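Asks:
There are 2 protein chains.
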Amino acid sequence: MSAKFAVLGHGVVGSGVVELFYKNKKSIEKRAGTEMDIKYILDLRDFPDSPYADKFTKDFNVILNDDEVTSVAECMGGVEPAFTFVKACLEKGKSVSTSNKELVAEKGDILLAAAKEHGCNFFFEASVGGAIPIIRPLHRCLAANDISRVAGILNGTTNFILTKMYNDHMSFADALKLAQELGYAEKDPTADVEGHDACRKICIISSLVFGKHVYPKSVYTKGISQIDLVDVADADILGNAIKLVASVTRLENGKILPAVMPMLVPYENIMSGVNDVFNAVLVYGDGIDQTMFYGRGAGKLPTASAVLGDVIEAVKHNVTVLSQSWESSEDDSFIAPVTEFCARWYFRVPEDKCNCEGAYSDDNGAAFITEEKLTWAEAEAKAKEMNAFAFMPVFQSAS
Amino acid sequence: MSAKFAVLGHGVVGSGVVELFYKNKKSIEKRAGTEMDIKYILDLRDFPDSPYADKFTKDFNVILNDDEVTSVAECMGGVEPAFTFVKACLEKGKSVSTSNKELVAEKGDILLAAAKEHGCNFFFEASVGGAIPIIRPLHRCLAANDISRVAGILNGTTNFILTKMYNDHMSFADALKLAQELGYAEKDPTADVEGHDACRKICIISSLVFGKHVYPKSVYTKGISQIDLVDVADADILGNAIKLVASVTRLENGKILPAVMPMLVPYENIMSGVNDVFNAVLVYGDGIDQTMFYGRGAGKLPTASAVLGDVIEAVKHNVTVLSQSWESSEDDSFIAPVTEFCARWYFRVPEDKCNCEGAYSDDNGAAFITEEKLTWAEAEAKAKEMNAFAFMPVFQSAS
Chain A
0 MSAKFAVLGH GVVGSGVVEL FYKNKKSIEK RAGTEMDIKY ILDLRDFPDS PYADKFTKDF
60 NVILNDDEVT SVAECMGGVE PAFTFVKACL EKGKSVSTSN KELVAEKGDI LLAAAKEHGC
120 NFFFEASVGG AIPIIRPLHR CLAANDISRV AGILNGTTNF ILTKMYNDHM SFADALKLAQ
180 ELGYAEKDPT ADVEGHDACR KICIISSLVF GKHVYPKSVY TKGISQIDLV DVADADILGN
240 AIKLVASVTR LENGKILPAV MPMLVPYENI MSGVNDVFNA VLVYGDGIDQ TMFYGRGAGK
300 LPTASAVLGD VIEAVKHNVT VLSQSWESSE DDSFIAPVTE FCARWYFRVP EDKCNCEGAY
360 SDDNGAAFIT EEKLTWAEAE AKAKEMNAFA FMPVFQSAS
Chain B
0 MSAKFAVLGH GVVGSGVVEL FYKNKKSIEK RAGTEMDIKY ILDLRDFPDS PYADKFTKDF
60 NVILNDDEVT SVAECMGGVE PAFTFVKACL EKGKSVSTSN KELVAEKGDI LLAAAKEHGC
120 NFFFEASVGG AIPIIRPLHR CLAANDISRV AGILNGTTNF ILTKMYNDHM SFADALKLAQ
180 ELGYAEKDPT ADVEGHDACR KICIISSLVF GKHVYPKSVY TKGISQIDLV DVADADILGN
240 AIKLVASVTR LENGKILPAV MPMLVPYENI MSGVNDVFNA VLVYGDGIDQ TMFYGRGAGK
300 LPTASAVLGD VIEAVKHNVT VLSQSWESSE DDSFIAPVTE FCARWYFRVP EDKCNCEGAY
360 SDDNGAAFIT EEKLTWAEAE AKAKEMNAFA FMPVFQSAS
């Protein structure tokens, strides 16, 4: 028997799924343990020149009502109509694999519950870190661990911009322009540069690791548009690369603290060497100590690889994978406010305000990193008191 | 119903499995979807002070003949008696999870066939890269890819020694002594420093990725004991770190070329920043482009994390996972000889022999990297012709 699946959306990711599937069909079927084929591709546009023109449909109900289709790859993006389509598929017992981080971050709990109720699966490996296997490792390979912290570079666009600022001393504006020219950034780059994209991804990771749905609106999010080249250079002199870090930490009081913000990553930490459009995720647990997963966080075939990996899993599993789920959250009282965020801090202040050893001084002021850890609230107060030009937390390498 | 498993061996890894299991029993059971417990621990020694003293047995047959034990964690090491015990368990339908790379590299095909025949599983995530999830990602998460190359730093002892040579300018002998003092190297360090340990691991990866059993005796293996501090320094000046790289590549003629040898890893490559006892594995595929997995490659709890991750999988799966298997090999005609290994090369030669631009010269000779790629055979000839003091391949970053 051949397992038939449908691909919703024939944009960058959807067309990549079709391309990669047919390229590697034979080995995919071997790994899946069954013959497989794409029965439908849903898109409102026409693709008369596609070698798969006969598979296109504009009517979602054709897919929904075809019992031969047991699995669906959702590559449309956005909450609607993706949510309505995905929920309807799950309620018919069709497993869904998605690359849609917005959908998972906003509606994951509801869709996981629907999958559980109807004995199928809602998979979303492609929604975080593109090609990087991270969702399945978190709940399966690392299942023996008590995971206390996850931190990563989860947005390729901002990492490309920061790499250009660092390597080529380009300003933020120039680096952004280059990213747009190369197709790494969209015309309206807000979702990337202001951290919203990374925020959705850390919401998904937080929900999976700590078991309760974390909404983007509950997560402090700061982007990279305010980063000055002076701070990129001073951070380097002090032994650090500036990266946009999305992280979630379980505090001693049991609450979790997810946040997205630019941080100084010390050169001793492997994550400081993650450059260009690459992503990486560091996981801290009591068995593993620390493990990092690295790769392309976006792009046609990398994202398609993750979607198809999930489709293959969906074909192999005829029961719901319960370890990959979380509960709905009634409120966000399990989330600590960012004012409790604790770290060593980088400051750049007017030279006359600084009397600390080890500071680096030039015309742009004095830059230093605090010996002691400060909470966000304490750091803000110190910044005000010293008339700081800039201040940022330093990423803590140890678990 | 509670799933009962046994732990064979109560050395470093085995005791770590027991410790980590009881530490995280509640969350492990949640992820496994069933209650779990350790029923037996097999060891010839006595552990009267252990909190689990009542679980110890010296008689393997007690475990083998107890039908309540459905899963076994093998942490004894060595081929025998591990092979006999594991095979007997699999033939009784008990799934086995092992950390024993020697066993998998020498007998993996036989044990996988036994598991398949008896409807159970032979898992070995812990045998490569310690805590790092790599086996399951290779055959599951990356299942949609045509994987063409895998390369990694698979031995923590040698990576620690190389890091000390690099950072602290210690000689090989001094760094080895320090590694022994810190417990990272054994009294007889041959298996680590001569590359045999890394060789076993690349055999396992090669077998899994390319589908036929690769034996250690078929793999060219060179260790790090001949590496001179001069070359570590010169490689740095030329923009590279020297690492012991275990790799396998599919050549254009369809043969595979597994090998273990010191290589220069360019600083642009993320693997150059993998230091101390850490391991990393880079995977190249047509969907992902490249993905790296990083973490602790050895140690009590890191290895236990991987073993327990497999035990949890074994408890969840009541069918054989066929994607994680390979065939026996009748001969090694599918393996290309190392003379076909092709790369750019680093040479250090007497100064009067060198007339190449970009060479770095000092009292120790002239060091340079070839622009063009040479086969191993060509590089050897060139080294002879130039009376080279040292020559090593340069790791190729692109896929």
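Taken in sequence, the protein lines are chains A and B.
Under numbering that gives the first Met the number 0, the residues of the first sequence are numbered 0 to 398, in order.
Under numbering that gives the first Met the number 0, the residues of the second sequence are numbered 0 to 398, in order.
Just so you know, even glycine gets a beta-carbon here, dropped at the ideal spot from N, CA and C.
If you're wondering where the values come from, they're calculated on a predicted model, not measured in any experiment.
By Cβ distance below 8 Å, which residues in the same chain neighbour R343 of chain B in space, the five residues on each side in sequence not counted?
Replies: Cβ within range, chain order: I368, T369, E370, E371, K372, L373, P392, V393 and Q395.
Asks: What residue range does the alpha helix (DSSP H) around V12 of chain B cover?
Replies: V11 to K22
Asks: Taking beta-carbon pairs under 7 Å, can you tell me which members of the segment 52-81 of chain B lie near chain A?
Replies: Within the segment 52-81 of chain B, no residue qualifies.
Asks: What residues are listed by DSSP as bridge partners for N239 of chain B?
Replies: B:P265
Asks: Which same chain residues, not among the five before or five after N59 of chain A, have their C-beta less than 7 Å away from its C-beta?
Replies: In the sequence on display, residue 59 of chain A carries Phe and not Asn. Cβ within range, chain order: L41 and F84.
Asks: Whose C-beta lies closer than 6 Å to the C-beta of C353 of chain B among residues of the same chain, with five residues either side of it excluded?
Replies: When the five nearest sequence neighbours on each side are left out, the beta carbons in the same chain lying within less than 6 Å of the beta carbon of C353 of chain B are those of A365, in order along the chain.
Asks: Looking at the ligand GDP, does it come within less than 7 Å of G357 of chain B, judged from the CB to the closest heavy atom?
Replies: Among the ligands in the structure shown, none appear at all, so the ligand GDP cannot be discussed.
Asks: Indicate the three-state DSSP secondary structure (helix, strand or coil) for F84 of chain A in the structure shown.
Replies: helix
Asks: Would you mind working out which of B:D187, B:D230, B:K254 and B:A184 sits nearest V213 of chain B, comparing C-alpha positions?
Replies: Of B:D187, B:D230, B:K254 and B:A184, the residue nearest in Cα terms is B:K254.
Asks: Spell out a yes or no on whether the segment 142-153 of chain B and the segment 306-313 of chain B are touching, meaning 3 or more CB-CB pairs, one atom from each, closer than 8 Å.
Replies: In short, these stretches do not touch, since the Cβ pair count stays below three.
Asks: Do the segment 43-56 of chain A and the segment 312-330 of chain A meet, that is, are 3 or more Cβ pairs less than 8 Å apart?
Replies: no
Asks: Based on Cα-Cα distance, which residue from A:D351, A:D362, A:N99 and A:E124 lies nearest to N386 of chain A?
Replies: The option with the nearest alpha carbon to N386 of chain A is A:D351.
Asks: Grab me the residues of Q179 of chain B's own chain with a C-beta within less than 8 Å of its C-beta, minus the 5 sequence neighbours each way, in chain order.
Replies: E185, K186 and P188
Asks: Where DSSP assigns a beta bridge to T56 of chain B, which residues make up the other side?
Replies: B:L41
Asks: What residue range does the beta strand (DSSP E) around A5 of chain A cover?
Replies: Segment S1 to L7, the beta strand (DSSP E) holding A5 of chain A.
Asks: Could you say which of B:D285, B:Y345, B:Y293 and B:R347 lies nearest to E18 of chain A if we only look at CA atoms?
Replies: B:D285
Asks: My output table needs one value for K163 of chain A: the three-state DSSP class, helix, strand or coil.
Replies: helix
Asks: Here's a check: name, in chain order, each residue in its chain whose Cβ is nearer than 8 Å to the Cβ of S170 of chain B, leaving out the five neighbours to either side.
Replies: M164 and L228
Asks: Give the C-beta separation of A247 of chain A and I201 of chain A to the nearest angstrom, bearing in mind that I take them to be a contact with Cβ-Cβ under 8 Å.
Replies: In the sequence as displayed, the identity of residue 247 of chain A is Val instead of Ala. The pair is a contact, with the Cβ atoms about 6 Å apart (cut-off 8 Å).
Asks: Do L110 of chain A and A87 of chain A have their C-beta atoms within less than 8 Å of each other?
Replies: no
Asks: Pick from B:L250, B:I226, B:V127 and B:A190: whose alpha carbon is nearest that of G298 of chain B?
Replies: Checked all of B:L250, B:I226, B:V127 and B:A190; the closest Cα to G298 of chain B is B:V127.
Asks: K115 of chain B to L321 of chain B, Cα distance in whole Å?
Replies: 8 Å
Asks: My assumption, with CB atoms under 8 Å, is that T319 of chain B sits in contact with C119 of chain B. Please give the rounded CB distance.
Replies: 7 Å
Asks: Along the segment 160-194 of chain A, what residues have a CB closer than 9 Å to any CB found in chain B?
Replies: none
Asks: Give every residue of the same chain whose Cβ lies closer than 6 Å to the Cβ of S1 of chain B, excluding the five residues on either side of it in the sequence, and list them in chain order.
Replies: E34 and D36
Asks: Expressed to the nearest angstrom, what Euclidean distance is found between the alpha-carbon atoms of F292 of chain A and P132 of chain A?
Replies: 7 Å
Asks: Taking C-beta to C-beta, are V280 of chain B and S96 of chain B nearer than 8 Å?
Replies: no
Asks: Should A234 of chain B go down as buried or exposed, given a rule of 16 or more other Cβ atoms within 10 Å for buried?
Replies: buried
Asks: In chain order, what residues of the same chain lie with their CB nearer than 6 Å to the CB of E67 of chain A, ignoring the 5 residues before and after it?
Replies: K3
Asks: Could you say which of A:E105, A:M75, A:V71 and A:E101 lies nearest to E90 of chain A if we only look at CA atoms?
Replies: A:V71
Asks: The segment 130-152 of chain A: which residues have C-beta closer than 8 Å to a C-beta of chain B, in chain order?
Replies: Shown in chain order are the members of the segment 130-152 of chain A whose Cβ falls below 8 Å from a Cβ of chain B: A130, I131, P132, R135, P136, H138, R139, C140, L141, A142, A143, N144 and D145.
Asks: Run through the segment 268-325 of chain B for me and flag every whole alpha helix (DSSP H) of 4 or more residues, listed as ranges in chain order.
Replies: 299-315
Asks: Which residues of chain B have a Cβ atom closer than 8 Å to the Cβ of Y293 of chain A, listed in chain order?
Replies: I269, T290, M291, F292 and Y293
Asks: Strictly under 8 Å for the Cβ-Cβ distance: is R418 of chain A near chain B by that measure?
Replies: Within the shown structure, residues of chain A are numbered from 0 to 398, placing residue 418 of chain A beyond reach of any answer.
Asks: For R295 of chain B, collect the residues of the same chain with a Cβ closer than 6 Å to its Cβ; drop the 5 residues on either side in sequence, then sort them by chain order.
Replies: G129, A130 and P301
Asks: Excluding the 5 residues preceding and the 5 following V231 of chain B in the sequence, name in chain order all residues of the same chain whose CB lies nearer than 6 Å to its CB.
Replies: M164, Y165 and I241
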